[in-house]
Amino acid sequence: MRRLSAIVTLAVGLGAIDGAALGAERVTILYDAFGKSSALTTDWGFAALVEAGGKRILFDTGNDAAVLERNLAVAGIDLTSVDSVVISHRHSDHVAGLGHVLRTIPNVPVYVPLEPFGVFGGLLPPDFYRTVEVLPAEMRYFGGMRRSDVRTGSLWPQATFVAVDETKEIAPGVFLLPTVSEVPGTRELREISLAVKTPKGLLLIVGCSHAGVERILETAGKVDSHLHLLLGGLHLLTVQANAQVPPRMVMPYFVVLLAIFGLALVAWIAATAVRFRRAL
Ligand SMILES: [Zn+2]
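Counting from 924, one number per residue, gives the positions in the sequence shown under the numbering used here.
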């Protein structure tokens, strides 16, 4: 894994994260289950408005369309000003508000992970089914025809979905980073993270990090090796709180141990010198 010189801040919670530290960029958390006292309604799930690269991008749509609609109104965000939508992955706590979004801005491009069988619809791989020639035509898929135009259905057939399966720049300095989970329980789940280049380093917004945040960081490192801020879900619910020492804590522990060792060594040398002089 490529090393990231990372200053990682897990700053998820309802409300706006002022762009002062990021340059011209601004992120408004619209949907979350916690945060500072806010007029926004809390609920399980995630959504955020990202203003970067001269664009307004809605990242995920939360768990409930009514809550998203209410929070957008409270935050004073007009959906008609949104340029594009990114759905990080198919889990309903990130996608359930899409119906409200599409009722308001039906033609908005919606970036989604490439999934031939997902809820966003897709194209069936051409070699997906076999044409067994010994069978009569009525027992063979499409009468035995080899078709390359078979689409799987979408829950939002009118939407303009743009399937993403490789790193894609959707606005100046704004990148979509696809990953695929190899973690048991979510194996093969595809997910998109959003990365924004800022003067202070990379602003990285993640949905659930089902592939593992380290995998996402590795992908992000190819855009910019310096991470400034990480926002979103890390899906560490099953990881024990004491399973890892926070990276910033490694250095103090090491320094303290080194100091103790150094003092002990100096004391031993001094004691040995005193004994040696007495022996003389
Ligand atoms: Zn998820």
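Just so you know, even glycine gets a beta-carbon here, dropped at the ideal spot from N, CA and C. Predicted model only: the values in this text are computed from it and were never measured.
Classification of residue i by the beta-carbon crowding that lies within 10 angstroms, buried from 16 upward
| i | result |
| --- | --- |
| Phe870 | As displayed, the chain neither begins before 924 nor continues past 1203, which places residue 870 out of reach and without an answer. |
| Ala947 | exposed |
| Glu1114 | buried |
| Val1057 | exposed |
| Leu953 | buried |
| Asn1030 | exposed |
| Leu1078 | exposed |
| Asp1050 | exposed |
| Gly999 | exposed |
| Pro1036 | buried |
| Ile1139 | buried |
| Val1179 | The predicted model places Val1179 with a pLDDT of 40, which falls under 50 and marks its position as unreliable; any figure quoted below should be read in that light. The residue in question, Val1179, is exposed, as its Cβ has fewer than 16 Cβ neighbours within 10 Å. |
| Asp1072 | exposed |
| Ala1060 | exposed |
| Ile1192 | exposed |
| Ala1194 | exposed |
| Ala929 | Reliability of the predicted coordinates at Ala929 is poor, the pLDDT of 32 falling under 50, and no value is obtained from them. |
| Gly1108 | exposed |
| Arg979 | buried |
| Ser1004 | exposed |
| Ala1190 | exposed |
| Pro1169 | Model confidence at Pro1169 stands at a pLDDT of 43, short of 50, so the residue's coordinates are unreliable; what they give is reported in the following sentence. That one is exposed. |
CB contact flag (residue i, residue j, <8 Å)
| i | j | result |
| --- | --- | --- |
| Leu1125 | His1158 | no |
| His1023 | Ala988 | yes |
| Pro1032 | Val950 | no |
| Lys1074 | Leu1112 | For the record, residue 1074 in the displayed sequence is Arg; it is not Lys. In this structure, Leu1112 does not lie closer than 8 Å to Arg1074 by Cβ. |
Own chain partners of residue i with C-beta closer than 8 Å, once the 5 adjacent residues on each side are dropped
| i | result |
| --- | --- |
| Thr965 | Leu937, Asp955, Ala956, Phe957 and Gly958 |
| Thr1090 | Phe1098, Leu1099, Leu1100, Pro1101, Thr1142, Lys1145 and Val1146 |
| Arg1069 | Pro1049 and Thr1054 |
| Thr984 | Tyr954, Ala970, Leu991, Val1008, Ile1010, His1017, Val1018, Ala1019, Gly1020, Leu1021, His1023 and Val1024 |
| Ala1081 | Residue identity check: residue 1081 is Gln in the sequence provided, not Ala. So the list reads Leu1025 and Pro1029, once near-sequence residues are dropped. |
Contact set for residue i: own chain, Cβ-Cβ below 6 Å, skip 5 residues either direction
| i | result |
| --- | --- |
| Phe982 | Ala971, Val973, Val1009, Leu1117 and Ile1128 |
| Lys1123 | His1151 |
| Ala962 | Val997 |
| Asn986 | Asp966, Trp967, Gly968, Asp1016 and Ala1019 |
| Val1136 | Leu1157 |
| Gly1041 | Arg1013 |
| Cys1131 | Gly1156 and His1158 |
| Val1052 | Checking the sequence, you will find Tyr at residue 1052 rather than Val. Closer than 6 Å at Cβ, skipping near neighbours: Tyr1064. |
| Phe1043 | Val1035, Ser1077 and Phe1084 |
| Asp1006 | Lys978 and Arg979 |
| Lys1120 | Gly1096 and Asp1147 |
| Gly1067 | Thr1054 and Ala1060 |
Same chain only: Cβ atoms within 7 Å of residue i, ignoring 5 sequence neighbours per side
| i | result |
| --- | --- |
| Leu1002 | Leu995, Val1024, Thr1027 and Ile1028 |
| Pro1095 | Gly976 and Gly977 |
| Pro1039 | Gly1045, Leu1046, Leu1047, Pro1048 and Thr1075 |
| Arg1063 | Thr1054 and Val1055 |
| Asp1088 | Leu1037 and Pro1101 |
| Met1172 | Any reading at Met1172 must be qualified, since the residue scores a pLDDT of 35, below 50, and its modelled position is unreliable; the value itself is stated next. The answer is none, since no qualifying residue turns up. |
| Glu1092 | Phe1098 |
| Ala1196 | none |
| Gly993 | Residue identity differs from the one stated: residue 993 is Arg in this sequence, not Gly. Contacts found: Thr964. |
| Arg1110 | Ser1104 |
| His1133 | His1012, Ser1104, Val1106, Thr1109, Leu1112, Glu1114 and His1158 |
Checklist entry - Which runs of the beta strand (DSSP E) fall wholly inside the stretch 1115 to 1145 and span at least 3 residues, in chain order? => result 1124 to 1129
Checklist entry - Who's in the neighbourhood of ligand 1, going by beta-carbon under 6 Å from any heavy atom, listed in chain order? => result His1012, His1014, Cys1131 and His1133
Checklist entry - Residue ranges of each alpha helix (DSSP H) run of no fewer than 4 residues wholly in the stretch 1001 to 1067, ordered along the chain? => result 1015 to 1018 and 1021 to 1027
Checklist entry - Along the chain, which unbroken stretches of the alpha helix (DSSP H) at least 4 residues long are found entirely within the stretch 1071 to 1105? => result none
Item to check | beta strand (DSSP E) runs contained entirely in the stretch 975 to 1001, provided each spans 3 or more residues | outcome: You should have 978 to 982.
Checklist entry - Which parts of the stretch 944 to 968 are runs of the beta strand (DSSP E), unbroken and 3 residues or longer, counting only runs that do not cross its ends? => result 949 to 954
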